[in-house]
Amino acid sequence: MKLENKVAIITGGSGGIGSEIAKSFLEEGAQVIITYRSEEKVKKILRDLKEHYKSGRLDCVPLDITKEKEIKEVIEYVSERNTGIDILVNAAATQLPIGEFKDLKTEDILNGIQTNFTGTILFCKYALPYLTESKNGKIINFSGGGSLYPRPNFSIYGAMKTAIIRFSETLAEEVRRYNIDINVIAPGAINTNMVDEIIKAGNLAGSNELKKAKEIQQGNGNSPQVVADLAVFLASEESKGITGKLISAPYDNWRSLNKESSSLYTLRRIDGKNYFEGKND
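Residue 270 in numbering that gives the first Met the number 0 sits at position 271 of the sequence shown, and the numbers go up by one each step.
Next up, the structure:
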């Protein structure tokens with residue numbers, strides 16, 4: 000098994016992507032701790048994974064990711080009850096607030112920043128000492144729609160996901176000497192609670208976004224299993240030394256990533272001079 004005896008924290012573990020990653024990690028032998036906000040969703044997960052829960056290999060911890068105190072408590076809880084922390088998957092996110100920026104409430108803006116950015120980087124901060132002790136720590140973060148292109152009506156979500164990419168690339172260089180690999184997954188269009196957020200927002204999301212969301216709900220999105228497969232790869236020894244990458248789960252040939260150019264799958268502006276001289280790789 001690829002993750003045998005590894006201790007993994009998955010934030011947003013009751014969501015569509017987080018829960019699928021949890022299932023795959025458990026199948027690969029990991030000790031999994033998921034954080035959640037929805038009691039209803041986590042009860043369903045426990046029903047689906049009851050054998051893992053009964054065996055003690057799955058644990059569920061309530062969390063408000065906008066609260067630093069609760070983030071610290073989760074890290075302390077996990078580290079005290081296990082041999083340490085080997086893997087951190089930051090899957091908790093929201094597309095809210097949705098709408099034109101000029102109309103957004105300050106409270107909603109700050110909540111979007113805290114959920115999508117501050118919560119992720121604080122989890123990284125408090126987990127790093129344990130990931131350093133692991134000798135082969137792994138952090139997996141997530142980008143999202145609007146992180147690589149303008150996405151009207153999703154300004155906060157897009158900006159925070161762009162920030163996550165650059166933060167992850169930078170932190171990857173800082174902790175490289177500790178053998179900690181940090182990568183970002185672009186999951187693609189998947190039918191999760193984020194699709195529900197768009198449909199609930201209605202016209203505030205824009206007609207094109209609303210149309211796409213309805214199509215995804217009808218089965219035209221990507222499978223969360225594709226994301227889970229990539230997460231297993233990035234959490235395992237198979238990807239050792241691969242770090243600072245932004246990888247599309249459905250579209251990139253990530254299984255052969257270690258053979259690729261060092262600049263591939265990174266957030267880069269194409270330099271005009273080098274581009275025309277053929278120096279970009």
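The beta-carbon is built from N, C-alpha and C at its ideal position, and this holds for glycine as well.
Assignment of beta-bridge partners to Ser-13 by DSSP yields no partner. Here Tyr-129 is buried, its C-beta having at least 16 other C-beta atoms within 10 Å. Here the alpha carbons of Asn-89 and Gly-136 stand approximately 14 Å from one another. Segment contact: the segment 139-154 against the segment 93-102, three or more CB-CB distances shorter than 8 Å; contact assigned. Membership of Ile-197 in the alpha helix (DSSP H) is indicated by the continuous run 192-200.
Under the three-state reduction of DSSP output, Lys-137 falls in the strand class. According to the DSSP secondary-structure assignment, Asn-89 is paired through a beta bridge with Thr-10. Here DSSP, grouped into helix, strand and coil, assigns Asn-207 to helix. Of all C-beta pairs linking the segment 31-48 to the segment 3-18, three or more are shorter than 8 Å, placing the two stretches in contact. Residue range 154-173 is occupied by the alpha helix (DSSP H) that includes Thr-169, with no beta strand (DSSP E) assigned at that position.
DSSP places Leu-95 outside both helix and strand once states are collapsed to three, so it counts as coil. Taken through DSSP and simplified to helix, strand or coil, Asp-47 comes out as helix. CA-to-CA, the gap between Pro-186 and Asp-228 works out to about 11 Å.
In this structure, DSSP gives Thr-34 an extended state, which the three-state scheme calls strand. Ranking Tyr-250, Ala-234, Pro-223, Thr-82 by CA distance to the CA of Gly-14 puts Pro-223 first. When beta bridges are read from the DSSP output, Val-231 appears opposite no residue. Comparing C-alpha distances from Val-174 to each of Glu-39, Thr-131, Glu-75 shows the shortest one belongs to Thr-131. A direct Cα-Cα distance of roughly 35 Å separates Leu-203 from Val-73.
Nearest neighbour of Asp-58 by Cα position, chosen from Ala-21, Ile-86, Ile-179, Val-183, turns out to be Ala-21.
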